[in-house]
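Quick note: the sequence shown uses numbering that gives the first Met the number 0, first residue 0, plus one each step.
Backbone N, C-alpha and C fix where the C-beta goes; we use that ideal spot for every residue, glycine too.
Values in this document were obtained by computation on a predicted structure and should not be read as measured data.
To start, the structure under review is shown below, and the notes come after it.
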Amino acid sequence: MTEDVIIRREGRAGQVSLNRPKALHALTQAMCEAMSEALLAWRDDPAIETVLIDHAEGRGFCAGGDVALVRRSALEDGGTAGRAFFFAEYRLNHLLFTYPKPVVAFMDGVTMGGGVGISQPAKYRVATENTLFAMPEGAIGLFPDVGAGWYLPRLKGRTGAFMALTGARLDGAECLWAGLATHYLASERLAEAKARIAVAPGDITAILDELSAPPPGARIAGNAEKIDRLFASDSFEHIIAALEVEPSEWAAKELAAVATKCPATAKVALRELAEGARRADFAGEMRAEYRIAARMMLRPDFAEGVRAVLIDKDNEPVWNPSTPHGVTDEMLDKIFAPLDANEEWSPFPA
Ligand code: QUE
Numbered sequence: 000m001t002e003d004v005i006i007r008r009e010g011r012a013g014q015v016s017l018n019r020p021k022a023l024h025a026l027t028q029a030m031c032e033a034m035s036e037a038l039l040a041w042r043d044d045p046a047i048e049t050v051l052i053d054h055a056e057g058r059g060f061c062a063g064g065d066v067a068l069v070r071r072s073a074l075e076d077g078g079t080a081g082r083a084f085f086f087a088e089y090r091l092n093h094l095l096f097t098y099p100k101p102v103v104a105f106m107d108g109v110t111m112g113g114g115v116g117i118s119q120p121a122k123y124r125v126a127t128e129n130t131l132f133a134m135p136e137g138a139i140g141l142f143p144d145v146g147a148g149w150y151l152p153r154l155k156g157r158t159g160a161f162m163a164l165t166g167a168r169l170d171g172a173e174c175l176w177a178g179l180a181t182h183y184l185a186s187e188r189l190a191e192a193k194a195r196i197a198v199a200p201g202d203i204t205a206i207l208d209e210l211s212a213p214p215p216g217a218r219i220a221g222n223a224e225k226i227d228r229l230f231a232s233d234s235f236e237h238i239i240a241a242l243e244v245e246p247s248e249w250a251a252k253e254l255a256a257v258a259t260k261c262p263a264t265a266k267v268a269l270r271e272l273a274e275g276a277r278r279a280d281f282a283g284e285m286r287a288e289y290r291i292a293a294r295m296m297l298r299p300d301f302a303e304g305v306r307a308v309l310i311d312k313d314n315e316p317v318w319n320p321s322t323p324h325g326v327t328d329e330m331l332d333k334i335f336a337p338l339d340a341n342e343e344w345s346p347f348p349a
């Protein structure tokens, strides 16, 4: 049992509220397991017709995963505890993706990493004026996981590659533009939306449509042409070269963002997205990402990135390799290789 997630029934809805405010509701293994247990019970419960996912008191929504624990595990137990965390998190991601009842995720605040993994599989994804959405793993030498290899290449144009390489933070209007959100509501209407959905789960679309507000303009739309052109390649070196010769302030700013991130993360992400684009089933995606996670968490870049961003907060990570050229195809092959058969990821039984 954990108090870091609140699980309750509200009318005909099951509701899970992330409740770890001291870490901006970043997911722990216990939180993932508690959510999965509730979802599995509700799946076969005819009294529950929909599931709502939100956060409790204070700022939301979910800042990611328990990367401090994963780092400690990498340094102290060879990664055993870290792998167990990813195994549980990805099972939850997959359970949501295949869930037979409509899920509504309320992305009312920071939605990064782990928060993306529990919102993108939902049929309904509500953004607000508080939404701040990103896949920022390049800042800590990890990689875009929780199904990002599935979702990002399915966004329009090269939006997904752009997000993976720059860690760009999208606001709620930009999430709606990109399809990362299905609805945009003022946060002051969320309580009413949840209450009405719990009473009439057959009317979710109508309720969210009715309570929607017109979003402000999506700034990213004005950069879409540049994003699609400059991030077109699956080669990291080609993308950097394109940004370098583009005579715009925007390109210079994005090049600077890309250049401060972990080079290994960038190359892993580009291969991951290219492979994910061709995939037909989500379980295969999560199996592939678990292999990558098992390798990436043990690389010194990850311990160094978490140190620089979350522990010492100097934001001056020293990456190794420090250049794109230093990250070879042979290194990538090892990161993507299958695990021993008894260590591979598997979903919950259907
Ligand atoms: C990149 C990331 C993460 C991050 C910051 C980055 C991430 C993550 C957290 C995070 C934040 C606050 C917490 C916590 C974790 O920050 O994945 O436990 O309290 O989980 O720049 O990928």
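Have a look at the options and flag the residue whose alpha-carbon is nearest the alpha-carbon of residue i.
i	options	result
Arg58	Val115, Leu23, Phe281 and Ile196	Leu23
Gln119	Val244, Glu136, Glu128 and Pro101	Pro101
Leu297	Gly64, Ile5, Leu74 and Glu56	Leu74
Ala258	Met285, Arg294, Pro320 and Thr27	Pro320
Ala25	Arg8, Asp65 and Pro348	Asp65
Tyr123	Phe84, Ala40, Ser211 and Leu39	Ser211
Leu91	Cys31, Ser72 and Pro299	Cys31
Ala62	Arg71, Pro143 and Val115	Val115
Ala180	Glu187, Gly283 and Ala217	Ala217
Glu248	Asn222, Glu303, Arg277 and Leu338	Asn222
Asp107	Phe230, Ala160 and Tyr183	Tyr183
Ala104	Ser16, Ser234, Phe85 and Gly77	Ser16
Ala276	Lys252, Arg153, Lys266 and Pro316	Arg153
Thr127	Ala190, Ile334, Leu331 and Arg278	Ala190
Thr158	Thr204, Asp233, Pro262 and Arg195	Asp233
Give the DSSP-derived three-state secondary structure of residue i in the structure shown.
i	result
Thr127	coil
Cys61	strand
Val109	strand
Glu315	coil
Leu169	strand
Val326	coil
Thr181	coil
Thr264	helix
Thr259	helix
Taking the Cβ atom as the reference point for each residue, do residue i and residue j lie within a distance shorter than 8 Å?
i	j	result
Leu131	Arg168	yes
Val125	Phe60	no
Leu95	Lys193	no
Gln14	Ala87	no
Gly350	Thr327	Because the chain is modelled from 0 through 349, residue 350 falls outside the range shown and cannot be assessed.
Leu242	Leu254	yes
Arg290	Ala336	yes
Val305	Arg19	no
Ala250	Pro214	no
Pro148	Glu284	Going by the sequence as given, residue 148 is Gly instead of Pro. Yes, Cβ-Cβ distance for Gly148 and Glu284 is below 8 Å.
Trp344	Tyr89	yes
How is the alpha helix (DSSP H) around residue i delimited, first residue to last?
i	result
Ser35	Gln28 to Arg42
Glu9	Glu9 -> not in any alpha helix (DSSP H); beta strand (DSSP E) instead, spanning Val4 to Glu9.
Gly13	It is not in any alpha helix (DSSP H) - Gly13 instead sits in the beta strand (DSSP E) that spans Ala12 to Leu17.
Phe301	Pro299 to Val305
Lys193	Leu189 to Val198
Along the chain, where does the beta strand (DSSP E) containing residue i start, and where does it finish?
i	result
Arg286	From DSSP, Arg286 is part of no beta strand (DSSP E) but of the alpha helix (DSSP H) over Phe281 to Met295.
Go through the region 52-106 residue by residue and report every complete run of the beta strand (DSSP E) that reaches 3 residues or more, in order. 102-106
Go through the region 126-167 residue by residue and report every complete run of the alpha helix (DSSP H) that reaches 4 residues or more, in order. 147-150 and 158-165
Counting only runs of 4+ residues fully inside the region 201-248, write out the alpha helix (DSSP H) ranges in chain order. 203-210, 223-229 and 235-244
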